[in-house]
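> Residue numbers (the UniProt record's numbering): 1 to 305. I have a structure here, written as C-alpha cells, and I will follow up with some questions on it.
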C-alpha cells in the first residue's frame, strides 16, 4: 500500500496458533503496519491489540475497535487489572483463535519517552538504550500467565525497523509521508520455551529488549536490513494483493453508497445521527466491549454454559 515495501525475516509462523505478539513501539502506527504481517502469516480477524484508553473514544475507528474487542488500558495498573482479567478470561474460554499484540514499552519511542526510560535505567543501574525503551513487564507477564490457562501456543517476538521517513502520526498517512520500507524480524518461542514463573518471565522479556537494541543498532548503523528476507510463495503475495483490492473496493463502494443515501434521504441521516449518538453514549458508559463482557460473563449466561 502507498508503495511501501514490506520485508519479513526470521522464524516462520504457524498461521492458526494462539499467540502473544510483543513488538517494539517505534512510532504511533506500528500496530497498523503489523497488519501486513498478520495478513500473510495469521488471521486478521483473530488479532486483538492492547492500546491506550484514549483511542477508544475516536468516533468511527474507536467504536469499531470496541466492537472487535480490542483492549484499552489507562496504563494505571490499579484501574486496568480487573478489566484486563475480564477480557483475558473471555479469550481463554472463547473457541475463536487469538493473536494478542502488545507493546511492553507502554508508549511509542520519542524524546519524552526516551528521557523517562533513561531516567529509569539510571535509577536501576541499567544501560540507556538508543533505539528502544525499557519494557514495562507487568502487563506482559500477566497476559502470559492468564492465557496459559488454555489459549497460548507461542510468543512471537517481533522487531520493527524503518528504512527512513518515519510515519510518526496518523496525519502523516493523509499527507503521504509513509516509510519507503518497513522491516519485521520475527522470533517464535513456543509456550514450553519461555519461563514458567513471573520473575523468569520478567527477565526473559527484558532480555528480548536487550536483543532488540542490539539488532536495531546494527540495522540503523548499516544497510537497513535484519537478514535476508524470508521466501514467500507467489500464491501468498497474490492472495494478500487480492485481499487488499477486495477491501478497498468494498469499503470504497460501501462508503460512497452510505454518503449517497444520506444525501438523498432524510431518514438515513437521522438513522446515522442516532447510531453515532448511541455509540457516543455507550463509549461514555464504558463502551460496547464492556457491554459485551457484561452480557457474556453474567451469572445467568455462565449457568447455561
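Just so it is clear, CB atoms sit at the ideal spot from N, CA and C, and this is done for glycine as well. A quick note: this is a predicted structure, and the numbers were derived from the prediction, not measured.
When you compare only the Cα positions, how much space is there between residue 11 and residue 274?
Looking at the two C-alpha atoms, the distance is approximately 48 Å.
> Quick check on residue 144: buried or exposed, where buried means 16 or more other Cβ atoms within 10 Å of its Cβ?
Burial call: buried.
> Which runs of the alpha helix (DSSP H), 4 residues or longer, sit entirely within the stretch 138 to 196?
For the stretch 138 to 196, whole alpha helix (DSSP H) runs of length 4 or above, ordered along the chain, are 170 to 175.
> Does the stretch 28 to 47 come into contact with the stretch 200 to 213, if we say contact requires no fewer than three beta-carbon pairs (one atom in each stretch) closer than 8 Å?
With a cut-off of 8 Å, the stretch 200 to 213 and the stretch 28 to 47 do not count as touching, because too few Cβ pairs lie within range.
> Are there 16 or more other CB atoms within 10 angstroms of the CB of residue 159, so buried, or fewer, so exposed?
Counting Cβ neighbours within 10 Å, residue 159 comes out buried, since at least 16 surround it.
> Report the residue ranges of all alpha helix (DSSP H) runs contained in full by the UniProt domain "Phospholipid/glycerol acyltransferase" (19 to 141); include only those spanning at least 4 residues, in chain order.
Within the UniProt domain "Phospholipid/glycerol acyltransferase" (19 to 141), the complete alpha helix (DSSP H) runs of at least 4 residues are 30 to 33, 35 to 41, 61 to 67, 77 to 93, 111 to 123.
> How many angstroms separate the CA atom of residue 164 from the CA atom of residue 224?
Roughly 9 Å between the two C-alpha positions.
> Which stretch, first to last residue, makes up the beta strand (DSSP E) that contains residue 286?
First-last for residue 286: undefined, no H or E at that position.
> Just list the residues that DSSP pairs residue 8 with in beta bridges.
Bridge partners of residue 8: 184.
> With a cut-off of 8 Å on the beta carbons, I'd call residue 139 and residue 102 a contact; round off their distance for me.
Yes, they are in contact, since the Cβ atoms of residue 139 and residue 102 sit about 6 Å apart, within 8 Å.
> Buried or exposed: residue 270, going by 16 or more other Cβ atoms within 10 Å of its Cβ?
By the 10 Å Cβ count, residue 270 comes out exposed.
> Taking contact to mean at least 3 C-beta pairs separated by less than 8 Å, is the stretch 105 to 115 in contact with the stretch 190 to 203?
Output reads no: the stretch 190 to 203 does not touch the stretch 105 to 115.
> Within 10 Å of its beta-carbon, does residue 132 have 16 or more other beta-carbons around it, so buried, or fewer, so exposed?
Buried is the call here.
> Could you please give the first and the last residue of the uninterrupted alpha helix (DSSP H) stretch that includes residue 216?
Start and end: 198 to 221.
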